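Q:
Number of protein chains: 2
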Amino acid sequence: MTATQDTSTPATACCSPLVREPLAADEARRLAASFKALADPARLRLLSLIASHQGGEACVCDLTEPVELSQPTVSHHLKVLTDAGLLTREQRGKWAHYSVVPQALDALGDVLRTAHRSAGSGTCC
Amino acid sequence: MTATQDTSTPATACCSPLVREPLAADEARRLAASFKALADPARLRLLSLIASHQGGEACVCDLTEPVELSQPTVSHHLKVLTDAGLLTREQRGKWAHYSVVPQALDALGDVLRTAHRSAGSGTCC
Chain A
3 MTATQDTSTP ATACCSPLVR EPLAADEARR LAASFKALAD PARLRLLSLI
53 ASHQGGEACV CDLTEPVELS QPTVSHHLKV LTDAGLLTRE QRGKWAHYSV
103 VPQALDALGD VLRTAHRSAG SGTCC
Chain B
3 MTATQDTSTP ATACCSPLVR EPLAADEARR LAASFKALAD PARLRLLSLI
53 ASHQGGEACV CDLTEPVELS QPTVSHHLKV LTDAGLLTRE QRGKWAHYSV
103 VPQALDALGD VLRTAHRSAG SGTCC
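Taken in order, these protein sequences are the chains called A and B. When we follow my numbering, the leftmost residue of the first sequence carries the number 3, and every step to the right adds one. When we follow my numbering, the leftmost residue of the second sequence carries the number 3, and every step to the right adds one.
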């Protein structure tokens with residue numbers, strides 16, 4: 003309780019939208035689409051491989067072997083993650099390079115955080 | 003566990019598994035199943051209605067009207083969320099009552115949290 007780090011944060015900013023009030027239909031549709039992009043083991047592994055790769059980016063050529071999938075299948079999954087805003091794609095010569103979008107992952111993670119966790123930090127909710 | 007609250011936490015405990023190292027296949031399957039439970043707008047709204055309801059629990063009889071779905075459909079979605087470990091169910095007389103499992107939501111949210119966010123807290127990663 004002595005730490006001052008979070009006192010500038012409005013109370014409403016730290017509670018999950020899920021817990022604070024019933025989600026509006028539009029917001030629920032938007033979030034469900036993001037979770038759908040994550041609802042596949044291969045996509046989660048690809049996201050993790052890219053995130054944990056040097057510099058938080060990876061060439062598609064680095065990704066096919068670890069997940070044991072063909073390049074077209076890997077490219078399809080990467081497109082789903084890119085369309086969901088969780089990855090960005092940059093073409094360099096022959097190969098596409100993918101990077102994670104930390105803000106997008108953090109925003110989705112925050113949706114799920116409950117007052118239970120926030121109360122544990124002693125600063126809000 | 004005094005004012006220096008985070009110094010006792012191992013550095014590896016605060017980084018998302020997604021970012022720390024490539025996800026193992028089993029873990030990816032487990033997480034994908036949880037995200038699949040969330041990948042539906044009606045289920046997200048139901049979860050949110052329960053979480054934001056008084057005491058973090060709600061009777062199924064409170065939930066059909068706000069989401070404008072039939073009771074069997076609502077009960078199906080609640081079963082998916084319960085099977086995923088995100089809700090608990092308690093029968094009281096005629097009606098089933100559902101509560102959120104904050105630890106399960108927090109654990110899923112933490113999976114998505116990146117070093118980007120953790121670095122902002124100044125304590126780890």
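Just so it is clear, CB atoms sit at the ideal spot from N, CA and C, and this is done for glycine as well. Quick caveat, the model's predicted, so the values are computed rather than measured.
Return no unless some Cβ of chain B is closer than 7 Å to the Cβ of Cys104 of chain A.
A: In the first sequence, counting from the first residue as 1, residue 104 of chain A sits at position 102. Note that residue 104 of chain A is Pro in the sequence shown here, rather than Cys. Judged by the 7 Å Cβ criterion, Pro104 of chain A is in contact with chain B.
Q: Looking at the unbroken beta strand (DSSP E) that takes in Ala60 of chain A, where does it start and where does it end?
A: By one-based count along the first sequence, residue 60 of chain A stands at place 58. Note, Ala60 of chain A: beta strand (DSSP E), 59 to 61.
Q: Looking only at its own chain, which residues have a Cβ that is under 7 Å from the Cβ of Leu40 of chain B, when we skip the five neighbours before and after it?
A: Numbered from 1 along the second sequence, position 38 holds the residue referred to as residue 40 of chain B. Only Leu46 meet the Cβ criterion.
Q: Please decide whether Asp85 of chain B counts as near chain A, where near means a Cβ-Cβ distance under 7 Å.
A: Mapped onto the second sequence, residue 85 of chain B falls at position 83. It does not; no Cβ of chain A falls within 7 Å.
Q: Is the CB-CB distance between Pro24 of chain B and Leu51 of chain A below 7 Å?
A: For the purposes of this step, residue 24 of chain B is identified with residue 22 of the second sequence, where counting begins at 1. For the purposes of this step, residue 51 of chain A is identified with residue 49 of the first sequence, where counting begins at 1. Their beta carbons are under 7 Å apart, which means Pro24 of chain B touches Leu51 of chain A by this criterion.
Q: Assuming Ala34 of chain B and Pro43 of chain A make a contact with CB atoms under 8 Å, what is their CB distance in whole Å?
A: As a working mapping, residue 34 of chain B is identified with position 32 in the second sequence. As a working mapping, residue 43 of chain A is identified with position 41 in the first sequence. Their Cβ separation, rounded to whole angstroms, is 4 Å, which keeps Ala34 of chain B and Pro43 of chain A in contact under 8 Å.
Q: Just tell me which of A:Lys38, A:Asp85, A:Ala27, A:Ala26 has its CA closest to the CA of Val102 of chain A.
A: For this step, residue 102 of chain A is matched to residue 100 along the first sequence. For Val102 of chain A, the nearest C-alpha among the options comes from A:Asp85.
Q: Give the range of the alpha helix (DSSP H) segment to which Gln73 of chain B is assigned.
A: As a working note, residue 73 of chain B is residue 71 in the second sequence. Looking at the DSSP string, the run of the alpha helix (DSSP H) that includes Gln73 of chain B is 73 to 85.
Q: Could you tell me the alpha carbon to alpha carbon distance between Leu107 of chain A and Lys96 of chain B, rounded to whole angstroms?
A: Translated into positions along the first sequence, residue 107 of chain A becomes position 105. Translated into positions along the second sequence, residue 96 of chain B becomes position 94. Each residue's alpha carbon lies about 41 Å from the other.
Q: Spell out the partners DSSP gives Ala98 of chain A in its beta bridges.
A: Here residue 98 of chain A refers to the residue found at position 96 when the first sequence is read from its first residue. A:Gln93, per the DSSP bridge assignment.
Q: Using the Cα positions of Tyr100 of chain B and Arg32 of chain A, report the straight-line distance between them to the nearest angstrom.
A: As a position in the second sequence, residue 100 of chain B is number 98, starting the count at 1. As a position in the first sequence, residue 32 of chain A is number 30, starting the count at 1. Cα to Cα, Tyr100 of chain B sits roughly 24 Å from Arg32 of chain A.
Q: Does the beta-carbon of Ala53 of chain B have 16 or more other beta-carbons within 10 angstroms, so that it is buried, or is it exposed?
A: Position 51 of the second sequence, counted from the first residue, corresponds to residue 53 of chain B. Buried, by the Cβ-count rule.
Q: Leaving out the 5 sequence neighbours to the left and right, which residues in its chain are closer than 8 Å to Leu89 of chain B when beta-carbon positions are compared?
A: Position 87 of the second sequence, counting from 1, holds the residue named residue 89 of chain B. The residues are Leu49, Ile52, Leu80, Leu83, Tyr100, Ser101, Val102, Val103.
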